[in-house]
Ligand SMILES: N[C@@H](CCC(=O)N[C@@H](CS)C(=O)NCC(=O)O)C(=O)O
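Numbering (this note's numbering), first residue to last: 49 to 266.
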């Protein structure tokens, strides 16, 4: 059975949620973030030197990186569910958005924290803000008039996108992107999302991120 090393208030909620959607049994090993720094504990580093969440164990091996883990789970346990049929235009959309989120969208979001310390007219800050706006707008536009990021079907890309939206909300920026906000609200209504929270604890990024930002300000 697959083991999910679940870090409190973190990206591994996505793996629990995906397994809940698939009805696949799994075991959870809970790890707690450091209450002051929010970093992962030594118990997670003992499983994999990346010390990152999500981390899974299966087939006697350990794996990190959420996008790879999602693809591995779909390939191993999905039986064709939560992804479009292969070699279709929808499959192209699926792979594009699934990899876009960690590959192109999350970096610009996290960068905003450092850039906010530069004066508003600083060209590096301006470039970072422009990039973030462009990338978030691409995602928001893709959801215009749609309930899911791949046209007409709920897929694992919606699950990965939701965690990005939780981060965007936690950073106080989601109001500028109404389609992402609407998508996040709808995904939170899914029973499998709620079962994952019941087993792994609340995602709770809003509270976590405001706590970290307050401590950084001293
Ligand atoms: N690109 C990685 C990012 C993983 C990541 O940064 N996870 C955060 C939790 S949301 C983490 O482990 N933070 C604790 C730490 O870095 O100490 C992925 O997609 O899996």
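Backbone N, C-alpha and C fix where the C-beta goes; we use that ideal spot for every residue, glycine too.
These numbers come from a predicted model, not from an experiment.
Option nearest residue i by Cα separation, candidates the options
{"i": "residue 74", "options": "80, 65, 143 and 82", "result": "65"}
{"i": "residue 81", "options": "60, 67, 189 and 49", "result": "60"}
{"i": "residue 112", "options": "128, 127, 126 and 95", "result": "95"}
{"i": "residue 155", "options": "129, 51 and 184", "result": "184"}
{"i": "residue 98", "options": "108, 106, 114 and 107", "result": "114"}
{"i": "residue 225", "options": "70, 188 and 175", "result": "188"}
Alpha carbon of residue i to alpha carbon of residue j, nearest angstrom
{"i": "residue 241", "j": "residue 58", "result": "14 Å"}
{"i": "residue 92", "j": "residue 67", "result": "20 Å"}
{"i": "residue 198", "j": "residue 170", "result": "37 Å"}
{"i": "residue 110", "j": "residue 104", "result": "6 Å"}
{"i": "residue 165", "j": "residue 173", "result": "9 Å"}
Residue range of the unbroken alpha helix (DSSP H) whose run includes residue i
{"i": "residue 172", "result": "171 to 190"}
{"i": "residue 53", "result": "From DSSP, residue 53 is part of no alpha helix (DSSP H) but of the beta strand (DSSP E) over 50 to 55."}
{"i": "residue 147", "result": "137 to 148"}
{"i": "residue 115", "result": "114 to 125"}
Below-7 Å beta-carbon distance, residue i vs any chain B residue
{"i": "residue 142", "result": "Chain labels in this structure do not include chain B; a single protein chain is all it has."}
Enclosing beta strand (DSSP E) for residue i [first to last residue]
{"i": "residue 194", "result": "Here residue 194 belongs to no beta strand (DSSP E), and DSSP marks it neither H nor E."}
With three or more beta-carbon pairs closer than 8 Å as the criterion, would you say the segment 77 to 90 touches the segment 134 to 142?
no
Take every Cβ of the segment 125 to 137, pair it with every Cβ of the segment 149 to 165, and state whether three or more of those distances are shorter than 8 Å.
-> no
Stretch pair the segment 252 to 260 + the segment 209 to 227: three plus CB contacts closer than 8 Å:
yes
Q.
Whether or not the segment 103 to 122 and the segment 177 to 185 are in contact is what I'm after, with contact meaning three or more pairs of Cβ atoms, one per stretch, closer than 8 Å; do they touch?
A. no
Note down, one range per segment and in chain order, each alpha helix (DSSP H) of at least 4 residues found wholly within the segment 207 to 240. 226 to 236
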